[in-house]
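Notes to accompany the following structure.
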Amino acid sequence: MPRKCPVFHNWRIRMKKQKLALCIAVAGLASAPAFAQEAEAPGLNVDFYGHINMAIMHADTGEGSEQYIVDNDYASSRVGARVSTDLKDIDLKVGAHVEFEYQHNPSNLVTPDDRSIKGEWSERHVNLFAAGRYGKISIGQGSGAGDGVTESDLSGTKVASFPDLALVGGALRFVDGSNIGPTLFTSVRSQDFEARYDRLRYDTPAFGPVKFALSQGYKEDQDITEVAATYNTEVDGLGRLSAAIGYSTKDENDAGKRDLDTVGGSVSWLHDSGMNLTAVYSNAENDSGRDSDFNMLKGGYRTGKHSFTVHRAEGKDFNPATVDAGGATVGAVEGSDVEIYGVAYVYQPVKRLDVFFAYNNFALDADNGDYDDVNIAMIGSRLKF
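As structure tokens, then:
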């Protein structure tokens, strides 16, 4: 629901000066057409939004047990705004999208030795867009075409059961008898393409239930190209179906000899009864021998304000580096196979509030080393505004 400018003022004064300046600059660019063509577009549509997502996390590893107060990185705390205006004479909507993340104690970074991590602002989206009958073009920092392709989910538990499960507890380690081992974050990932980067993106208009997207850009010095297709529909008597598939390629060095190619997708089905199934798959491969796979299957039930799911996920051949207690690299895992079993429950008493619980057991099997399981439980809440 659109917010008034005083709300924007309340949060923007807390931003770092450079972030504030960038936000104002982009918003100013978006508003320029409105003033230049006041008769045709006398006003702006401004939509402010955000959420705070905090949880208590309990982790049990081979190094012992510990509790943490964290920002749930399955949906990190953030604020943002979409500013747009309609150019009616040419049937075009133009605008800007800005979004910044602020995390205190990110759930993917905390460790027993670093339980308190000072929060800081980081940009997620800073881009301009134009949308009309022939689709939408956006330019700037934002989601690539493949971002979210592995995240189709109609279960109602996405805030507690996200495909990239290592975003909660990711800095914790699997350890063996020598107290060395890899972190969860390097051992298993959902490989959801290249997320957000500086790009030019084109989204087609809908062809029935199908949409296509293409993006070209770069992250640091790595060129990225992504393509994706999404499918969303409702079938009488069968419920809703949401699916996506994508492909990306990234130059991992200047010579372009180690291109990383990623392919993946997801499908989620919600029956009218509340029963639901979700499946995810991705593969990432490069010229230097990497060939890692991820898959996830989730089933559940949702009724009224309650959603419950169980899931099983697996990450194969990530072959991560092993580190000692001080963080120094001491080797690598060979033939890694991580299995994850978990449950999630979400209660939504009102539209803007989620109360959730999640539990995951991470088990690493490898050709070298015998590693202890990692168990992580989390209970928390997300408040949207």
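According to mature numbering (1 follows the signal peptide of the UniProt record, and there is no 0), the stretch in the sequence shown is residues -36 to -1, 1 to 349, in order.
A virtual CB, placed ideally from N, CA and C, is assigned to each residue, including glycine.
- The beta-carbon separation of G108 and E158, rounded to 5 angstroms, stays under the 8 angstroms limit for a contact.
- Annotation for F176: the continuous beta strand (DSSP E) segment containing it runs 174 to 183.
- Residues of the same chain with a CB within less than 8 angstroms of the CB of Q155, apart from the 5 flanking positions on each side, are T114, T226, G228, S246, N247, A248, S256, F258 in chain order.
- Straight through space, the alpha carbons of D337 and N91 are spaced by roughly 42 angstroms.
- Around the Cβ of I209, a 10 Å sphere holds 16 or more other Cβ atoms; the residue is buried.
- DSSP places T168 in the coil class of the three-state scheme, outside both helix and strand.
- A distance below 7 angstroms separates the beta carbons of L328 and F138.
- Collapsing the DSSP output to three states places I144 in coil.
- According to the DSSP assignment, I54 belongs to no beta strand (DSSP E), since it is labelled neither H nor E.
- The Cβ atoms of S230 and V244 sit closer than 7 angstroms to each other.
- Annotated as distal: P169 and Y195, with beta-carbon spacing of 7 angstroms or more.
- Contact between A322 and S125 holds, with the beta-carbon distance rounding to 6 angstroms and staying under 8 angstroms.
- Around the beta carbon of V314, fewer than 16 other beta carbons sit within 10 angstroms, so the residue counts as exposed.
- Residue state for Y211 is assigned as strand, using DSSP reduced to three classes.
- Here V34 is bridged, per DSSP, to A19.
- Rounded to whole angstroms, the Cβ separation of T286 and V297 is 6 angstroms, and the two are in contact under 8 angstroms.
- Separation of E184 and M239 (C-alpha to C-alpha, rounded to the nearest whole angstrom) is 43 angstroms.
- Excluding its 5 nearest sequence neighbours in each direction, D162 has C-beta neighbours in its own chain below 8 angstroms: G104, Q105, G181, Y182, K183, listed in chain order.
- G290 and I101 have their C-alpha atoms roughly 47 angstroms apart.
- Contact between L129 and S206 fails: their C-beta atoms lie close to 20 angstroms from each other, not under 8 angstroms.
- Nearest to Y166 by C-alpha distance, out of A192, N143, T267, R153, is A192.
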